[in-house]
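So the protein sequences, as listed, match chains G and P. Just so you know, the first sequence maps onto residues 23 to 575 in my numbering. Just so you know, the second sequence maps onto residues 35 to 618 in my numbering. Every residue, glycine too, gets a C-beta built ideally from N, C-alpha and C. I have placed the structure first, in the form of structure tokens, so that the comments after it can refer back to it.
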Amino acid sequence: MVREAIDGIPEKNVPRVLWAGAGFLFLMVCQSGLRYVWRMYLMGTSHRIARGLRLDLYNHLQNLPLARYQTIRTGDLMSRATNDIQAIREAVGPGVLITVDAIISFLIFVPVMLYLSVKLTILALLFAPLVPWITTTVGDRIDRLFESMQVKMSNISAFTQETFGGIRLIKSLVLENRVRQRFFDLSEEYQEEGIRMASCEARFTPSLTVLTHLGLFMILIVGGMDVINGAITVGTFVAFQRFVVQLSWPMEAIGWAVTMSREGVAAHRRLQQILGIPQVTSVRTPAVERKEAPLLEINHLHHAYESNGDGDHFGLKLSHLKVHEGQKIGVVGPVGAGKSTLFNLIVRLYEPPEETVFFEGKDVASIPLVELRRKISTVEQQVFLFSEKVTTNIELGMPGSVDGQEARKVIRTVCMEDEIEELHDKYDTYLGERGVNLSGGQKQRLALARALIRKPRLLLLDDAFSAVDVEIERRILRNLLTEYPDLTLIFASHRLSIMPSLDEIWILDKGKLVAKGHHQQLLQSVSLYGALWQTSERSLESRKDSLEADSIL
Amino acid sequence: MSLRPEKTDSFSYRDLARHFLPIVRPYSLRFGAGISLIVLSTGIDLLTPILLGRAVDTVAMPSPDRALLYRICWLFLGLVAAKYVFDIFKAYLIQSAGEKVKHDLRTLLFTRIAHLPVTYFDRNPIGRPLTRVVNDVRTLGELFGASISMTVLDVLIITGTLGAMFWLNWQLALVVLITFPLIVVAVQIFSKHLHTAYRAVRTHLSEMNAFLGENVGAVATIQRLAAQGPRMDTFSGIVDKHYGAQMKSLRTYALMQPTIHSLNGVAMATLIGVGGYWAIQGKITLGVIVAFLGYNRNLFYPLRDLIEKYNLILNAKVSAERVLDILEEPVEMEYREGRDPARLSDIDIEFRDVSFRYPTRDQNALTDINLKIPGGSSLAIVGATGAGKSSLIRLLLRFYEPTRGTISFGGKNLTEWDKADLRSQIGVVHQEIYLFQGTVRENLTLGKAGFSDELLIEKCRQAQIWDALESRGGLDMEVHEGGSDFSVGEKQLLSFARVLVFDPPMIVLDEATASVDRQNEHHLMEAIRQILRDRTSIIIAHRLSTIEACDNIAVFEHGELKEIGSFDELIQKKGLFWNFHQIQ
Numbered sequence: 023m024v025r026e027a028i029d030g031i032p033e034k035n036v037p038r039v040l041w042a043g044a045g046f047l048f049l050m051v052c053q054s055g056l057r058y059v060w061r062m063y064l065m066g067t068s069h070r071i072a073r074g075l076r077l078d079l080y081n082h083l084q085n086l087p088l089a090r091y092q093t094i095r096t097g098d099l100m101s102r103a104t105n106d107i108q109a110i111r112e113a114v115g116p117g118v119l120i121t122v123d124a125i126i127s128f129l130i131f132v133p134v135m136l137y138l139s140v141k142l143t144i145l146a147l148l149f150a151p152l153v154p155w156i157t158t159t160v161g162d163r164i165d166r167l168f169e170s171m172q173v174k175m176s177n178i179s180a181f182t183q184e185t186f187g188g189i190r191l192i193k194s195l196v197l198e199n200r201v202r203q204r205f206f207d208l209s210e211e212y213q214e215e216g217i218r219m220a221s222c223e224a225r226f227t228p229s230l231t232v233l234t235h236l237g238l239f240m241i242l243i244v245g246g247m248d249v250i251n252g253a254i255t256v257g258t259f260v261a262f263q264r265f266v267v268q269l270s271w272p273m274e275a276i277g278w279a280v281t282m283s284r285e286g287v288a289a290h291r292r293l294q295q296i297l298g299i300p301q302v303t304s305v306r307t308p309a310v311e312r313k314e315a316p317l318l319e320i321n322h323l324h325h326a327y328e329s330n331g332d333g334d335h336f337g338l339k340l341s342h343l344k345v346h347e348g349q350k351i352g353v354v355g356p357v358g359a360g361k362s363t364l365f366n367l368i369v370r371l372y373e374p375p376e377e378t379v380f381f382e383g384k385d386v387a388s389i390p391l392v393e394l395r396r397k398i399s400t401v402e403q404q405v406f407l408f409s410e411k412v413t414t415n416i417e418l419g420m421p422g423s424v425d426g427q428e429a430r431k432v433i434r435t436v437c438m439e440d441e442i443e444e445l446h447d448k449y450d451t452y453l454g455e456r457g458v459n460l461s462g463g464q465k466q467r468l469a470l471a472r473a474l475i476r477k478p479r480l481l482l483l484d485d486a487f488s489a490v491d492v493e494i495e496r497r498i499l500r501n502l503l504t505e506y507p508d509l510t511l512i513f514a515s516h517r518l519s520i521m522p523s524l525d526e527i528w529i530l531d532k533g534k535l536v537a538k539g540h541h542q543q544l545l546q547s548v549s550l551y552g553a554l555w556q557t558s559e560r561s562l563e564s565r566k567d568s569l570e571a572d573s574i575l
Numbered sequence: 035m036s037l038r039p040e041k042t043d044s045f046s047y048r049d050l051a052r053h054f055l056p057i058v059r060p061y062s063l064r065f066g067a068g069i070s071l072i073v074l075s076t077g078i079d080l081l082t083p084i085l086l087g088r089a090v091d092t093v094a095m096p097s098p099d100r101a102l103l104y105r106i107c108w109l110f111l112g113l114v115a116a117k118y119v120f121d122i123f124k125a126y127l128i129q130s131a132g133e134k135v136k137h138d139l140r141t142l143l144f145t146r147i148a149h150l151p152v153t154y155f156d157r158n159p160i161g162r163p164l165t166r167v168v169n170d171v172r173t174l175g176e177l178f179g180a181s182i183s184m185t186v187l188d189v190l191i192i193t194g195t196l197g198a199m200f201w202l203n204w205q206l207a208l209v210v211l212i213t214f215p216l217i218v219v220a221v222q223i224f225s226k227h228l229h230t231a232y233r234a235v236r237t238h239l240s241e242m243n244a245f246l247g248e249n250v251g252a253v254a255t256i257q258r259l260a261a262q263g264p265r266m267d268t269f270s271g272i273v274d275k276h277y278g279a280q281m282k283s284l285r286t287y288a289l290m291q292p293t294i295h296s297l298n299g300v301a302m303a304t305l306i307g308v309g310g311y312w313a314i315q316g317k318i319t320l321g322v323i324v325a326f327l328g329y330n331r332n333l334f335y336p337l338r339d340l341i342e343k344y345n346l347i348l349n350a351k352v353s354a355e356r357v358l359d360i361l362e363e364p365v366e367m368e369y370r371e372g373r374d375p376a377r378l379s380d381i382d383i384e385f386r387d388v389s390f391r392y393p394t395r396d397q398n399a400l401t402d403i404n405l406k407i408p409g410g411s412s413l414a415i416v417g418a419t420g421a422g423k424s425s426l427i428r429l430l431l432r433f434y435e436p437t438r439g440t441i442s443f444g445g446k447n448l449t450e451w452d453k454a455d456l457r458s459q460i461g462v463v464h465q466e467i468y469l470f471q472g473t474v475r476e477n478l479t480l481g482k483a484g485f486s487d488e489l490l491i492e493k494c495r496q497a498q499i500w501d502a503l504e505s506r507g508g509l510d511m512e513v514h515e516g517g518s519d520f521s522v523g524e525k526q527l528l529s530f531a532r533v534l535v536f537d538p539p540m541i542v543l544d545e546a547t548a549s550v551d552r553q554n555e556h557h558l559m560e561a562i563r564q565i566l567r568d569r570t571s572i573i574i575a576h577r578l579s580t581i582e583a584c585d586n587i588a589v590f591e592h593g594e595l596k597e598i599g600s601f602d603e604l605i606q607k608k609g610l611f612w613n614f615h616q617i618q
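Next comes the structure, spelled out in structure tokens:
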């Protein structure tokens with residue numbers, strides 16, 4: 023169209039010039055419309071992909087085996103969930119957009135150019151093959167730098183997360199300046215890499231631009247002479263100048279697209295490292311039901327921790343244990359005896375070997391995880407509450423929402439009714455991050471409420487009252503027994519005052535069962551139990567003391 | 035929405051400049067040199083269309099001058115070579131300066147946040163300050179890196195092009211620029227919508243990160259409760275909101291681009307039509323049209339770029355505002371030069387009419403506390419949940435300020451003390467322990483040099499934790515984030531060992547041994563008794579053996595101090611404490 027107009031001028035052909043103008047406008051408007059449609063389509067798709075990746079990644083994370091999960095840093099995961107997904111989105115959105123844009127430009131321009139003049143086309147595109155060469159050599163370096171920058175950003179992110187998470191400890195130890203120095207070092211490492219990246223990228227674009235300019239120079243000198251010699255028209259000469267300029271963007275675009283896709287690939291690789299870790303398998307073995315089985319049975323359960331360095335393995339080694347419906351069992355033993363490990367194995371947070379733990383007569387490995395963990399509730403010692411409403415925290419993990427009646431019932435059981443009524447928005451009160459505005463004892467009681475509302479068949483309490491008043495603990499236990507008389511209970515505790523009233527007590531030490539039996543029996547026959555009981559008795563709290571623990575943080 | 039929404043104050047551009055210019059200033063030389071190179075490079079960009087137009091006019095002449103064509107060609111080659119060099123240096127200078135600014139800003143921001151009072155962390159989930167330090171700094175960095183050079187470049191090109199067009203032929207320039215006001219209006223309308231849209235995207239992003247930050251850390255709890263499904267529902271709700279906001283901003287943006295493009299089409303068509311007509315009439319030369327075609331490109335595409343950059347600037351403004359919000363938060367740490375603080379073990383601590391209420395609660399946590407702790411003595415605090423024991427300690431560490439009354443150390447009001455002086459002299463063992471990623475050694479020394487391994491091992495032995503460590507790698511054992519490889523009891527012992535290592539003049543034990551089993555605690559008592567000697571100590575405990583070892587006992591109930599005195603005094607008084615003791 024431009025050529026039409028230019029060539030129309032010397033001919034003094036007014037309609038030809040005006041038609042060319044109108045045609046040009048028409049083409050531009052059409053192009054705009056198409057651009058809108060396909061930008062929406064492509065970029066929209068990239069956003070959808072990012073959305074899908076986010077959901078997939080999160081879902082994957084929360085279904086990873088716990089033992090494996092604990093070796094990955096939270097901040098590192100955060101960085102993958104944010105920065106890397108962003109990089110992938112840019113590769114599939116803007117990256118693809120400009121690639122296709124570039125290809126279309128070439129497909130449109132090159133045939134027209136060839137039609138006008140083969141010689142000038144060759145000259146105009148003489149330097150084009152250098153573009154891929156530049157993008158690959160420089161691109162390789164950019165690729166490496168980008169990956170290392172992402173890793174360094176991950177470190178910054180992880181460290182920041184850790185620091186802010188432990189800010190109270192940092193403050194009470196006056197470590198602010200020390201963490202500042204560490205952060206400074208991390209940030210500086212990132213900066214150094216960033217400057218390397220800057221020097222690399224600085225050469226990238228101008229090198230591509232200069233190729234366009236060289237093409238223009240060739241057209242100018244050769245095309246100019248051709249016009250003088252009458253080989254081509256002035257219109258063709260002008261049109262070719264424009265072609266070279268028009269093609270400069272697609273040529274650069276290829277470079278950008280290469281960079282973005284490289285970054286995207288690198289990010290994708292990092293994401294795959296996480297997504298590649300196998301999730302927990304819900305059902306590991308086919309179900310074989312045994313009749314007349316106790317509620318819980320443990321049979322030759324061996325579990326070894328992964329050893330750190332070349333130290334000894336230590337773990338759990340239990341031969342035969344049975345828990346019948348409605349029984350109340352106590353588990354006693356010093357720190358590191360394996361109580362928490364045992365509980366984690368029962369609910370398969372750590373996977374027990376097959377045919378070693380049976381629940382309702384079935385190997386736990388054959389019970390779908392959701393079912394298993396609905397039927398067996400655990401209250402851990404260190405409670406995690408979400409910074410959401412009290413109700414949300416109570417009904418966490420329940421399908422659908424729980425009716426208020428139920429919630430109030432469990433809250434009554436854990437003796438928290440008054441305390442929740444005192445809160446600003448009662449059941450709708452938001453708990454601060456990690457439930458900061460509740461005391462340690464309150465958190466533990468809320469966690470018990472959270473476990474009870476699920477109406478479990480088996481309740482595992484892992485020193486779940488360590489921060490609760492002895493008086494309140496007693497009331498809660500009384501409530502538990504009257505309101506849930508059929509509930510089967512396994513109760514690990516350092517406080518032994520409850521033990522005399524339990525059906526059976528297991529004594530663990532260094533991962534092995536030392537003895538089991540009734541309180542009186544054990545008191546006479548097992549020296550470890552006797553010693554534990556003595557020290558426990560001596561402490562004020564083993565009686566009715568209501569002098570109690572409250573957490574500072 | 036699962037989290038309380040975040041509020042951002044709006045700042046004027048002047049406020050922002052006032053705060054951020056000092057951060058950029060050290061690099062003004064780099065930025066200045068970079069911008070000068072942009073000016074040079076842009077000058078060349080403006081000259082080239084003229085050269086190309088001249089080339090066309092030269093060859094279109096009835097008797098073409100080959101020598102002139104050659105001269106034009108060589109001049110062109112020289113100019114583009116120069117531009118090549120300028121471009122490389124300008125990009126390097128500006129981008130590296132951008133990295134340096136980001137580094138400074140990140141460090142400044144991190145330091146600030148680390149020095150914010152505990153109440154800030156009560157109010158904000160970790161994801162929020164994390165987004166500030168990572169994402170917002172990056173957005174701001176983009177502003178100082180690539181965009182600043184692009185913006186300057188675009189503005190230069192636009193003004194230069196306009197000048198050149200009017201200089202060549204002002205009538206044709208006016209005709210071409212008919213659409214210009216339309217574009218400006220369109221940009222303004224779009225940008226307003228975009229601003230809102232981007233703000234929404236940022237808010238939702240921050241919410242998403244906050245959710246991730248919390249839940250990724252709580253996977254054990256989620257699995258225990260089999261709560262993956264409901265958690266996923268909550269997360270996908272947040273992600274969908276973010277996605278919706280992104281699509282909205284995309285739609286606005288996608289609509290803006292073609293509008294500008296079409297308006298450009300109008301300008302080009304007018305140029306071809308009117309310019310061509312005038313050329314036929316002989317009013318202008320063909321070369322002018324060719325130059326104008328080039329200029330048109332120079333004008334509209336930079337304008338489009340400018341709009342894109344404008345978005346970035348809007349984004350950056352949102353980030354800058356959020357960063358400023360934090361920079362304007364009052365910091366808690368005040369540094370004083372040339373201080374020589376008294377040793378806490380030598381001075382008395384006094385609470386006078388102290389009342390305290392948490393900002394988030396309705397009721398007082400402490401009411402009218404009057405209490406004196408003589409230097410070097412030990413005080414046991416007893417009381418039920420909610421009696422105010424922990425609140426008392428939080429006030430002592432100045433995590434919070436009393437609502438009423440004063441706390442003084444050595445007759446000097448707590449507010450006159452440097453928090454660092456104070457806290458560095460107080461060793462605290464909390465009930466909940468935070469361990470850092472690193473080795474056990476690093477967790478014990480907290481990175482401070484000058485502790486021998488023998489000393490560390492001895493302290494671990496005293497704290498009854500060495501047996502558990504030795505088999506797992508000893509001091510070199512790697513601790514994972516949050517200390518997931520230790521039981522709660524082990525963590526408490528480790529934290530106890532840390533206090534022993536640091537040997538501070540004052541010690542606070544807050545239920546420090548709640549999760550330690552009885553046997554270990556028995557041995558630990560020896561260490562505790564030693565610790566009590568020659569220093570001020572406050573111990574929240576419920577074990578009689580611990581309480582008996584203290585000089586004084588304070589009994590709290592419902593936030594009030596009910597009784598205080600030595601063990602014997604309280605027993606004789608036959609009050610609350612006597613009651614407890616009787617029961618026992």
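Helix or strand or just coil, what does DSSP make of G/N85?
If you number the first sequence from 1, residue 85 of chain G lands on position 63. In this structure, G/N85 counts as coil in the three-state DSSP scheme.
So what's P/D138 in DSSP terms, helix, strand or just coil?
As a working mapping, residue 138 of chain P is identified with position 104 in the second sequence. Correct three-state label for P/D138: helix.
DSSP has G/H324 in a bridge; who is on the other side?
Residue mapping note: residue 324 of chain G aligns to position 302 of the first sequence, counting from 1. Answer by DSSP bridge pairing, in chain order: G/K339.
Reference G/L138, options G/T227, G/V260 and G/S68, closest by Cα
Within the first sequence, the letter at position 116 stands for residue 138 of chain G. Closest by alpha carbon: G/V260.
Under 7 Å by beta carbon: chain G residues contacting P/K134
Start at 1 with the first residue of the second sequence, and residue 134 of chain P comes out as number 100. The contacting residues are Q213.
What are the start and end residues of the beta strand (DSSP E) that includes G/T400?
Start at 1 with the first residue of the first sequence, and residue 400 of chain G comes out as number 378. Its beta strand (DSSP E) spans residues I398 to V401.
G/P228 CB to nearest chain P CB: under 8 Å?
For the purposes of this step, residue 228 of chain G is taken as the residue at position 206 of the first sequence. It does: the Cβ of G/P228 has a partner Cβ on chain P nearer than 8 Å.
Please name the residue, chosen from P/G609, P/V93, P/K482 and P/Q498, that lies closest to G/G252 on a Cα-to-Cα basis.
Here residue 252 of chain G corresponds to residue number 230 of the first sequence, with the count starting at 1. The option with the nearest alpha carbon to G/G252 is P/V93.
Quick one: grab the DSSP three-state call for P/M540.
Your numbering for residue 540 of chain P matches position 506 in the second sequence. Correct three-state label for P/M540: strand.
Who are the near neighbours of G/E586 in its chain, counting only those whose CB is closer than 6 Å to its CB and skipping five residues on each side?
Residue 586 of chain G cannot be examined here, being either before or after the span of chain G that is shown, 23 to 575.
For G/I512, is the classification buried or exposed, using 16 other Cβ atoms within 10 angstroms of its Cβ as the cut-off for buried?
The count along the first sequence starts at 1 and reaches residue 512 of chain G at position 490. The residue in question, G/I512, is buried, as its Cβ has 16 or more Cβ neighbours within 10 Å.
From this set, G/S549, G/A72, G/L554 and G/I475, which residue's C-alpha is nearest P/D274's C-alpha?
For the purposes of this step, residue 274 of chain P is taken as residue 240 along the second sequence, with counting starting at 1. Ranking G/S549, G/A72, G/L554 and G/I475 by Cα distance to P/D274 puts G/A72 first.
Have a look at the DSSP bridge pairing and note the partners of P/A588.
As a first step, residue 588 of chain P must be located in the second sequence, where it is residue number 554. BP columns for P/A588 point to P/I415 and P/I598.
If we call anything under 8 Å between Cβ atoms a contact, is P/L337 one with P/I192?
One-based indexing of the second sequence puts residue 337 of chain P at position 303. One-based indexing of the second sequence puts residue 192 of chain P at position 158. Cβ atoms of P/L337 and P/I192: closer than 8 Å.
Mind the definition here: the segment 579 to 597 of chain P touches the segment 403 to 420 of chain P only if three or more C-beta pairs lie below 8 Å; say whether that holds.
yes
So with CB distances below 7 Å, who are the chain G contacts of P/G307?
The residue labelled residue 307 of chain P in the question sits at position 273 within the second sequence. Neighbours of P/G307 on chain G, chain order: V39, L40 and G43.
Step through the CB atoms of chain G and report whether any lies within less than 8 Å of the CB of P/D121.
The residue you call residue 121 of chain P lines up with position 87 of the second sequence. By this cut-off, P/D121 is an interface position.
Near G/L407, which residues of its chain fall below 8 Å by C-beta distance, leaving aside the five closest residues on each side in sequence?
Numbered from its first residue, the first sequence carries residue 407 of chain G at position 385. Only N415, L453, R456, G457, L460, K465, L468 and A469 meet the Cβ criterion.
In angstroms, rounded to a whole number, what distance separates the CA positions of G/M62 and G/L142?
In the first sequence, residue 62 of chain G corresponds to position 40, counting from 1. In the first sequence, residue 142 of chain G corresponds to position 120, counting from 1. So the two alpha carbons sit approximately 37 Å from each other.
What are the boundary residues of the alpha helix (DSSP H) that P/G271 is part of?
Walking along the second sequence from the start, residue 271 of chain P turns up at place 237. P/G271 -> alpha helix (DSSP H) spans Q262 to T304.
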